[in-house]
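Accompanying notes for the structure given below.
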Amino acid sequence: MKILVVGGGGREHAIIKKIKENKSVEQVFALPGNGGIAKDATCVAISATDIPAIVNFATQNKIDYAIVAPDDPLVLGAVDALEEKGIPCFGPNANAAIIEGSKVFSKNLMKKYNIPTAEYEVFDNMEKALEYLETAPIPTVVKADGLALGKGVIIAQTRNEAKAAVVSIMKDKMFGKSGDHIVIEEFLTGPEVSVLSFTDGKTVVPMISSMDHKRAGDNDTGLNTGGMGTVAPNPYYTEDIAKQCMETIFIPTMNAMNSEGRSFKGCLYFGLMLTPNGPKVIEYNCRFGDPETQVVLPLLESDLLTVMQAVTNGELSKTEVKFSNKNACCVIMASKGYPASYEKGFEMTIPESINNSVYVAGATLKDEKLLTNGGRVLGATAVANTLEQAIDEAYKLVGQISFDNAYYRKDIGAKALKAVKN
Ligand code: AMP
Ligand code: GLY
């Protein structure tokens, strides 16, 4: 089979490595991929959002199956466009990807179908939003409606901070048109859990839970990033909580999307907060999380391509999705300065012997040398019998990789380990 993967980050590298375990896979193309992915797939310089070019490439190269991984092409309708040409795809149609593409949509969906989430108000008028903030409970959370590279959420500790956030989103348009509508919501507390799931619109199968580390600095300080590391499973996510989430969140969300005529097939990501009043949804994503995928897929024992095809064919209920009972830890190595400004173009050294444990996110090949080319540069993942061992081994991998201006958090998994030991 010829497989096409749209995207070019660590998540896509993890998907590609896993897909290749299937013996029927002859060739994998990554659009655009990156210098590190080039070891495992044929990278083609087509942007992940250039849908006409993607469709053109897929038809000309007789692609048998396409996996659209990032949010933007999904929201823009890449799956719809490929399906129109008869190419089977993994990923939701645009009318379902809106669950991530619009926070106003997802909040209204949860309210309509009684799915637990933070209390909220929606505004399309800045004056009204500022007036509401005069009396709103503080701290509060201000969110731009549309996709904003994971940065469209501002947690305001004071009324003035909240007002400044509203002005920069709605007036100064710091996230462009994403800020035409905003959500102002209740500040929730509790451990966060990421649960990725496979769903074909009829069955929802949660994958092993994980814990992201979103802040740039140790002890959850500094700016929000796309994610600086992950562990799986997440020790806060007990069997009881999993059962409760299945009943109050996962199945109701799948059914709600069906009732709205927006059946979701693909990977539906539940960003949850385990509050004192039970698990609540912080956000939905219409795709695999990054870097959650870099710990979840290494623990998947079933064949990924088979499961994905079952999702596409509506046969997920007949397909086994099995995870190992080991632990995984992924440490992201970034360019110093990320998520603000950083330099790139530094040569990377990754020993051949650990290649299987490394997912490259931001690198380019020049004269056969791998050079850094992004904020998040790579993820190093270790799988072990205990969480403690997985963390230890992930940092040993990091110790073997070098490039100038490398930065990584030193405490990935520390909070989870504390929870395990308590
Ligand atoms: P999001 O992009 O929606 O995942 O938000 C980014 C991060 O902001 C989340 O991972 C949470 O840590 C935090 N966050 C978002 N919404 C809330 C909320 N209502 N209460 C507390 N923290 C939140
Ligand atoms: N790691 C969070 C995300 O993929 O949105």
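Per the numbering used here, the sequence shown starts with residue 455, numbered consecutively. From the three backbone atoms N, C-alpha and C, an ideal C-beta is built for every residue, glycine too. Predicted, not measured: the structure shown is a model, and the values here were computed from it.
Find out if the Cβ-Cβ distance for the pair residue i, residue j is shorter than 7 Å.
i, j, result
"Ala583", "Val621", "no"
"Met455", "Asp518", "yes"
"Val459", "Ala484", "yes"
"Phe718", "Pro591", "no"
"Val482", "Ile508", "no"
"Gly655", "Phe544", "no"
"Met665", "Ala870", "yes"
"Val785", "Val852", "yes"
"Ser778", "Glu797", "no"
"Phe629", "Ala602", "yes"
"Leu528", "Ala551", "yes"
"Asp744", "Gly461", "no"
Which partner residues does residue i have in the DSSP bridge list?
i, result
"Ile457", "Val482 and Tyr519"
"Tyr861", "Ala788"
"Leu726", "Val647 and Val735"
"Val509", "None; Val509 has no bridge partner."
"Asn781", "Ala838"
"Asp666", "Thr684"
"Leu832", "Met787 and Val814"
"Thr675", "Gly671"
"Pro660", "Ser651"
To which residues of the same chain is residue i closer than 8 Å at the C-beta, ignoring the five residues directly before and after it?
i, result
"Gln514", "none"
"Ser663", "Val647, Ser648, Val649, Ala686, Pro687, Asn688, Tyr691 and Ala696"
"Leu825", "Gly489, Lys798, Gly799, Phe800, Glu801, Met802, Ala817, Thr818 and Leu819"
"Asn827", "Asn488, Gly489, Lys798, Gly799, Gly816, Ala817 and Thr818"
Excluding the five sequence neighbours on either side, which residues of its own chain have a C-beta within less than 6 Å of the C-beta of residue i, listed in chain order?
i, result
"Gly867", "Val685, Cys783 and Ile845"
"Pro542", "Tyr519 and Thr766"
"Val607", "Lys597"
"Ala535", "Ile505 and Val509"
On the premise that residue j lies in contact with residue i, defined as a C-beta separation below 8 Å, what is that separation, rounded to the nearest angstrom?
i, j, result
"Tyr586", "Val647", "Actually they are not in contact, since the Cβ atoms of Tyr586 and Val647 sit about 30 Å apart, beyond 8 Å."
"Arg830", "Gly725", "The Cβ separation is near 18 Å, so there is no contact."
"Pro706", "Tyr567", "6 Å"
"Gly732", "Pro570", "6 Å"
"Cys497", "Pro486", "6 Å"
"Ile553", "Met700", "With 8 Å as the limit, Ile553 and Met700 do not qualify as a contact, their Cβ atoms being about 18 Å apart."
Beta-carbon within less than 7 Å of residue i's beta-carbon, same chain only, minus the 5 sequence neighbours each way: which residues are those?
i, result
"Lys557", "Lys597, Asp599 and Val637"
"Glu581", "none"
"Lys617", "Leu584 and Leu587"
"Asp672", "Arg863, Lys864 and Asp865"
*asked:* Closer than 8 Å is the cut-off here; do at least three beta carbon pairs connect the stretch 859 to 874 with the stretch 786 to 793?
replied: yes
*Should the stretch 749 to 767 be called in touch with the stretch 734 to 741, which here means at least 3 C-beta pairs below 8 Å?*
no
*With a cut-off of 8 Å, do at least 3 Cβ pairs link the stretch 806 to 819 to the stretch 490 to 504?*
yes
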